[in-house]
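*Asks:* To get my numbering, take the position in the sequence shown, counting from 1, and add 7. Note that CB positions come from ideal geometry on N, CA and C, so glycine has one too.
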Amino acid sequence: MIDAHCHLQSPELAPYLEELLLRARNSGVDGAVVNGTSPRDWPQVEQLCRTRAELRPSFGLHPWQADFEGDWAQELERLLQNNPNAGVGECGLDSLLSEVPLAQQLETLRIHIQLASEYQRPITLHLLGKVWQPIQAELVGLDVPILLHAFGASAELARQFSRQGCYFSLGGMWLRPEKNRGALHELPVDRVLLESDAPYQHPKGKRFHTEPALLAELCDQLAPVWGLQPEELAAQSHQNALRWLGEEAGNSGNPRSPDGKSKL
Ligand SMILES: [Zn+2]
């Protein structure tokens, strides 16, 4: 399995990173996409992924940092040029928890979208709050595979965004007992990825750290939503992740492109 979204560069994970990667492998997680969130952690992400073949970098300005000053766009472009396997993100829009005005977040996001399109890289979006209308307009015509990370929205939005060809990654919030998994029925299972968002998004709250091994539990708990066995969801989400990353043979990763047709 591939952990579609995590932050293994986080300093709080550093003391036990080796242990954590071992637990990941032992639980069937043999790859991860490590997301940088600002120029402050991009060098750590780049270095971590250079030294470990199973980790793939992604670089972006998190919507909470969308007012970062300086030449970040130039640096982002340089990282994409120097790391041909790098994705774009974590970037996005957040009207709930970000202090940056939405107009400024949009401006920042547009730069990411433009770079993703120019360099043909998969893009990872963080979307939270009243942002679903503006984001839909931004995504029209974008010709790269799009991942909506930590997808937790309604069945109606699941329908709309799956029509737009997006992928969805599901994390620890779906293990919370109060979370209604009904909305997940609307997600086509060939667009579903799994993520730890390590060290964040622990089902028991902020005091705990998540890690990539969480994917095994996500498979156990979520597979019945689509009438699957856990190992079937593991295999399906792995295939989906490869398609999103453009690594599946003969497939561009973009469900809207002629060679990226859904297989189910
Ligand atoms: Zn994240």
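1. Spell out the partners DSSP gives P64 in its beta bridges.
2. DSSP has Y174 in a bridge; who is on the other side?
3. At a cut-off of 7 Å, is E97 close to ligand 1 when judged by its beta-carbon and the heavy atoms of the ligand?
4. Report all residues from its chain with a CB closer than 8 Å to the CB of D101; omit the five preceding and five following residues, and keep chain order.
5. Name the one or two DSSP bridge partners that T131 has.
6. Given a threshold of 16 other Cβ atoms within 10 Å of its Cβ, counted over all protein chains shown, does P219 qualify as buried or as exposed?
7. Give a single yes or no on whether N89 has its beta carbon closer than 7 Å to a heavy atom of ligand 1.
8. Rank S169, R183, L201 by C-alpha distance to the C-alpha of S176 and give the top, closest one.
9. Report yes if the CB atom of H12 is closer than 8 Å to the CB atom of V40, and no otherwise.
10. What's the gap between the Cα of N90 and the Cα of V52?
11. Would you list the residues sitting across from L225 in a DSSP beta bridge?
12. Which whole-angstrom value describes the C-beta separation of I65 and T131, a residue pair presumed to lie in contact below a C-beta threshold of 8 Å?
13. In terms of residue numbering, what span does the alpha helix (DSSP H) encompassing H119 cover?
14. Report the option in G38, P206, L222, D227 whose CA atom is closest to the CA atom of A21.
15. Is Y207 near ligand 1, in the sense that its beta carbon is under 7 Å from a heavy atom of that ligand?
16. Please name the residue in P108, V147, V95, A110 whose C-alpha comes closest to that of E125.
17. Residue range of the alpha helix (DSSP H) that V52 falls in?
18. For A110, which option in P50, I142, A60 has the closest C-alpha, if you only look at C-alpha atoms?
19. If you measure between the beta carbons of E224 and L182, is that distance less than 8 Å?
20. To the nearest angstrom, how far is the alpha carbon of C98 from that of A160?
21. Is DSSP giving G234 helix, strand or coil here?
*Replies:* By the coordinates alone:
1. V41
2. L154
3. yes
4. P70, W71, Q112, H133, L134, L135, G136, V138
5. L154
6. buried
7. no
8. L201
9. yes
10. 11 Å
11. In the DSSP output, where bridge partners are listed per residue, L225 has none listed.
12. Position check: residue 65 holds Ser in this sequence, whereas Ile was assumed. At roughly 6 Å, the Cβ-Cβ gap stays under 8 Å, so S65 and T131 are in contact.
13. 109-126
14. P206
15. yes
16. V95
17. 49-58
18. I142
19. yes
20. 18 Å
21. coil
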